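Peer 1: Quick one: this structure, given as structure tokens, is what I'll be asking you about.
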Amino acid sequence: EGAVRDFLTALEEKDMAKFASLWSEDAVQDMPFSPVGFPKRLNGRDAVIEHYAAWPQNSGSADFTSQLVFYPMQDPEWVFATFRGRVDIIPTGRLHEQTYGGLFHVVGGKISLFREYYDPAPFVYAFGLDEGGGFHE
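Okay, structure coming up:
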């Protein structure tokens, strides 16, 4: 649970050095419900770090941990969590409100898998993807 909480806290604090330190070299982030034009899978720590590189410039105030709930699993390396996200998106001036489900595989304190479940509609609105802009990798 610690690495998952640290991941979400690093996003809240825009601490990208801390963020980068949490991923294993062969980490994978799956986003099966990503909208068209947005990646559904990131392979490797470098790809994950690159994907989030613009986070500090694109996000204002962010909260991912105030409603964070962990669900116990038999294998302690596997973590399932639900959390609410509220993020001010700077390029569009819109609020991104989202409920997430996340399945995490944490090995030796490093995230090796993050399978992220979310509703693409609020994401599309907040980042202005319905208008052909807003999100920049």
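With our numbering as the guide, the letters of the sequence shown map in order to residues 46 to 182. All residues carry an ideal CB built from backbone N, CA and C; glycine is no exception. Keep in mind it's a predicted model, so treat the numbers as computed, not measured.
Which parts of the region 115-166 are runs of the beta strand (DSSP E), unbroken and 3 residues or longer, counting only runs that do not cross its ends?
Peer 2: 123-134, 139-152 and 155-162
Peer 1: Please look up how many angstroms separate the CB atoms of F109 and L53, rounded, as I've assumed it's under 8 Å.
Peer 2: Correct: roughly 4 Å between the Cβ atoms.
Peer 1: Rounding to the nearest angstrom, what Cα-Cα distance links V114 and D51 in this structure?
Peer 2: Separation of V114 and D51 (C-alpha to C-alpha, rounded to the nearest whole angstrom) is 14 Å.
Peer 1: How would you call R90, buried or exposed, if buried means at least 16 neighbouring beta carbons within 10 angstroms?
Peer 2: Burial call: buried.
Peer 1: Among Q112, M61 and E70, whose alpha-carbon lies nearest the alpha-carbon of F128?
Peer 2: Q112
Peer 1: In or out: S106 buried (at least 16 other Cβ within 10 Å) or exposed?
Peer 2: Looking at its Cβ environment, which holds fewer than 16 other Cβ atoms inside 10 Å, S106 is exposed.
Peer 1: CB V49 to CB A72, shorter than 8 Å?
Peer 2: no
Peer 1: How long is the line joining the alpha carbons of R131 and L140, rounded to whole angstroms?
Peer 2: 7 Å
Peer 1: One question on the structure: do G147 and A166 come within less than 8 Å of each other, judged by their Cβ atoms?
Peer 2: no
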